[in-house]
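Q: Numbering (my numbering), first residue to last: 5 to 160.
Attaching a single structure in structure tokens format; questions to follow.
Encoded structure:
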């Protein structure tokens with residue numbers, strides 16, 4: 005799953021860089037813009053951010069109040085880390101469920117220029133938050149390491 009997400013993120017990022025570059029070349033060299041390039045660029049940016057979120061959670065680089073936790077006694081760090089992980093898990097599950105419901109309500113809606121279906125945008129959001137929920141759940145049951153006590157979420 006991680007390798008697949010990394011590949012998808014790299015492909016999305018490459019397309020996100022390549023498309024505006026091609027747009028500039030098309031406008032300046034050939035005098036003709038790519039129709040819908042701005043819309044597609046926004047789409048790629050949104051998808052890149054959401055699809056990359058589970059990787060951020062997996063690496064422990066999401067917001068976990070590391071500086072605050074480092075200033076607390078060890079016992080409090082553990083409980084605050086557990087609270088953060090549980091709240092993050094709950095938020096990810098809630099957003100994933102709401103997104104799934106919105107997908108079912110917007111199956112026929114699309115973007116104005118390129119007619120990209122909204123379910124693709126929402127699908128990236130769903131993948132991101134569902135994947136984030138999976139990795140937060142994994143964090144609850146993995147053994148705590150010394151690094152976890154300073155910056156990352158902790159296990160039960």
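In this text, a Cβ means the ideal position worked out from N, Cα and C, and glycines have one as well.
The model shown is predicted, which means the values in this text are computed figures rather than measured ones.
1. At the level of alpha carbons, what is the spacing between residue 46 and residue 142?
2. Check the DSSP bridge columns for residue 121 and list the partner residues they point to.
3. Nearest CA to the CA of residue 17: which residue from 64, 35, 56 and 92?
4. Please identify the residue among 22, 83 and 62 whose C-alpha is closest to the C-alpha of residue 132.
5. Could you check how far apart the C-beta atoms of residue 140 and residue 93 are, in whole angstroms? I think they sit under 8 Å.
6. Would you call residue 58 buried or exposed, if buried means 16 or more other Cβ atoms sit within 10 Å of its Cβ?
A: In terms of the structure at hand:
1. As a working mapping, residue 46 is identified with position 42 in the chain shown. As a working mapping, residue 142 is identified with position 138 in the chain shown. Cα to Cα, the separation comes out at about 32 Å.
2. Translated into positions along the chain shown, residue 121 becomes position 117. For residue 121, which the question treats as bridged, DSSP gives the partners 114.
3. Residue 17 sits at position 13 when you count from the first residue of the chain shown. Out of 64, 35, 56 and 92, 56 has the C-alpha closest to the C-alpha of residue 17.
4. Along the chain shown, one-based indexing puts residue 132 at 128. When each option's Cα is compared against that of residue 132, the closest is 62.
5. One-based indexing of the chain shown puts residue 140 at position 136. One-based indexing of the chain shown puts residue 93 at position 89. Contact flag correct, Cβ pair sits at about 4 Å.
6. Residue 58 sits at position 54 when you count from the first residue of the chain shown. By the Cβ-count criterion, residue 58 is buried, with 16 or more other Cβ atoms from all chains shown falling within 10 Å of its own Cβ.
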